[in-house]
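Asks: Residue numbers for the sequence shown follow the numbering used here, so the first one is 1 and each next one is one higher.
Before I ask anything, here is the structure I am working with.
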Amino acid sequence: MKIKEYNTDELLMIAHNVTGEYPEKKVRQAKEEQKLYFTYKNIHPISTIQ
């Protein structure tokens with residue numbers, strides 16, 4: 001799965017569906033990408049991912 005280029009705040013907003021505007025499918029996808037992003041950051045803390 002490829003991690004999309006999201007601002008971390010945007011990804012958190014989608015994952016938590018703060019505004020209620022995102023469909024369930026997009027929310028589930030954002031949660032998966034959020035897990036991958038933070039897992040990668042923990043494995044490679046000096047990586048270039050921002």
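C-beta atoms are modelled at their ideal positions from N, C-alpha and C, and glycine is treated no differently.
Keep in mind it's a predicted model, so treat the numbers as computed, not measured.
From LYS25 to ALA15, what does the alpha carbon distance come to, in whole angstroms?
Replies: Here the C-alpha atom of LYS25 lies approximately 10 Å from the C-alpha atom of ALA15.
Asks: Put TYR22 into one of helix, strand or coil per three-state DSSP.
Replies: coil
Asks: If you draw a straight line from the C-alpha of TYR37 to the C-alpha of ASN17, how long is it?
Replies: For TYR37 and ASN17, the gap between their C-alpha atoms comes out near 18 Å.
Asks: Buried or exposed: where does LEU11 fall if 16 or more other Cβ atoms within 10 Å of its Cβ makes it buried?
Replies: buried
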